[in-house]
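Using the working numbering, read the sequence shown as starting at -2 and increasing by one per residue. Virtual Cβ for every residue (Gly too), placed ideally from N, Cα, C. Just so you know, these numbers come straight off a predicted model, no measurement behind them. Heads up, the thing below is written out as structure tokens.
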Amino acid sequence: MHIINTIKRLCITSKCQIIRHSSEYTPKALRSLKAKSTRNNVQYYVDACRVRAVGGNGGDGCISFLSAWCKDHAGPNGGDGGNGGHVIFQATHTVKGLNHCKTVVIAKHGERGFDKDCNGKNAQHIIIPVPLGTIVKDDNGTVVGDLSTEGMMFVAARGGAGGRGNKFFLTDTEQAPDIAEFGAEGESNTYTLEVRSLAHIGLLGFPNAGKSTLLRALTRARPTVAPYPFTTLKPHIGMVPYDDYEQVAIADLPGLIPGSHKNYGLGIQFLQHIERCRGLIFLLDGTSDPQLQYDTLCHEITQYNSALKARPNCVVVNKIDTEEGKRSFEKLKKKMRVLGISAKTGVNLRELLTVVRDMYDKYEAKEQGAGCNNNV
């Protein structure tokens, strides 16, 4: 009885509480306690790259003869050359981008054959880790590989076979062959690697709409912020942790301009980044005309790929800390569902993170439903 009373007293005075999440519980974003890095170099996220893979050459066969007592040519004993190494792409969850991929990857050559029937050593294969969901395309743009599962491999370039030594050419009529084979050359192929999923949520907007500033405010990412347009030319990724141990990746995408779907500027390249995001945030500059920005962005992505508009999305007006931005937000709020924020001062960022998580959950539920239908 004394033990039971002690336990009750501890439960009453303890500061620890067991949190039971209801079915309607909304996960909350956690504030990172780790300070941002002070490094000056900016790390970009590479979601597409072009790689030239060259397999290693096979080793040459050896011409050699066995020397015995009183017999200089006791028979051929030249060994075969080793095989050249392959270049292989392997899917793994340990890498998230293609930043580490080199432009040209050359495998090592096989070792030549030796005398005394010693074969050359085979060259080791070069295995390049790539993120899960990486698509491999050839020069014609045809998809030749889809690395969607852990450990899945794609042989980009095969190494050449090793040449055979002169012992292979021994026949009844030719007892002392003085010929051997050269090693075969390795394959040389060029591929384009594309990561199917860039991030869960992509920030879509015009140049200088505040996308980089917003990503800095929401995550520990450090994209460059400057008062001139096209500050961001490559995607930046930031992670938002939630209290249910889920992490949502948000991408700061390069800004779009009118005519991007016609490849004005670097339009098509920028639109390809949007295609690899599961959800979109239309970030509008409140100091300009938000309605015109929204209509232009919708037109550009629809002309490029009409399916992009059907993805989970929300409309956000930035810079409501200014008088002009506040007036634009109040005017646009009467026409559509929109959220007003200030990435600079932090106004309504908590509400935005709740919307981001809601978009993430909707997409995950849709994917799970599609997977169940495929299994049936």
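In the same chain as G322, and ignoring 5 residues on each side of it, the C-beta atoms closer than 6 Å to its own belong to G283, T284, K316, in chain order.
Selection V192, R217, C46 evaluated against P128 yields V192 as nearest (Cα-Cα).
A check of alpha carbon separations from G58 across P73, K68, A45 identifies P73 as the nearest. Setting aside the 5 residues that flank it on each side, R49 is surrounded in the same chain by V101, T187, each with a C-beta closer than 6 Å to its C-beta; the list follows chain order. Beyond the five residues adjoining it in sequence on each side, Y291 comes within less than 7 Å, by CB distance, of F279, L281, V312 in the same chain, given in chain order. Annotation: D286 to K332 spans about 14 Å, alpha carbon to alpha carbon. The closest CA to that of H83, considering only K105, A362, Y239, I298, is found on K105. In this structure, the CA atom of T170 is about 49 Å from the CA atom of D136. In the assembly as shown, E297 is a buried residue. Its beta-carbon has 16 or more other beta-carbons within 10 Å. S209 sits in a helix when the DSSP states are folded into three classes.
Cβ-Cβ distances below 8 Å link I85 to H122, I123, I124, I125, M150, F151, V152, A153 in the same chain, with the five nearest sequence neighbours on each side left out; the list follows chain order. For R324, the enclosing alpha helix (DSSP H) has its first and last residue at 320 to 330. For D292, the enclosing alpha helix (DSSP H) covers residues 287 to 301. Here the alpha carbon of A177 sits roughly 19 Å from the alpha carbon of G53.
Counting only the Cα atoms, G94 lies some 16 Å from I271.
Nearest to K113 by alpha-carbon distance, out of R161, G75, F165, is G75. One Cα belongs to L268, the other to L201, and the distance between them is close to 10 Å. Residue state for L346 is assigned as helix, using DSSP reduced to three classes. Per DSSP, G199 is one residue of the beta strand (DSSP E) stretching across 196 to 201. Apart from the 5 residues on each side of it in sequence, T210 sits with its Cβ closer than 7 Å to the Cβ of V222, A340, K341 in its chain, given in chain order. Nearest to N96 by alpha-carbon distance, out of E348, G110, L195, E361, is L195. At the C-beta level, P204 and D249 stay beyond 9 Å of one another. Taking the CA atoms as reference points, G159 sits about 32 Å from C46. As for any alpha helix (DSSP H) of minimum length 4 sitting wholly inside the stretch 234 to 273, the runs are 264 to 272, ordered along the chain. In the structure shown, K134 falls within a strand segment according to DSSP collapsed to helix, strand and coil.
Going by DSSP, L190 is part of the beta strand (DSSP E) stretching over 185 to 192. The shortest CA-to-CA distance from I198 to any of T189, T216, L329, S145 is the one to T216. Per DSSP, L63 is not a residue of any beta strand (DSSP E), being assigned neither H nor E. Under DSSP, R49 takes part in a beta bridge, and its partners are V101, T187. In the DSSP assignment, G142 falls within the unbroken beta strand (DSSP E) covering 140 to 144. In the three-state DSSP reduction, L305 falls in the helix class (H, G or I).
Between R275 and the set Q244, P255, A218, M356, the nearest pair of CA atoms involves M356. Between G180 and R109, the gap from beta carbon to beta carbon is short of 9 Å. Check the Cα spacing between S185 and each of K118, V51, K231, G56: the tightest is with V51. Among the bridge pairs identified by DSSP, F86 is matched with I125, F151. By the criterion of a C-beta distance shorter than 7 Å, G337 is surrounded in its chain by V314, I317, F326, N345, once the five residues flanking it on both sides are discounted.
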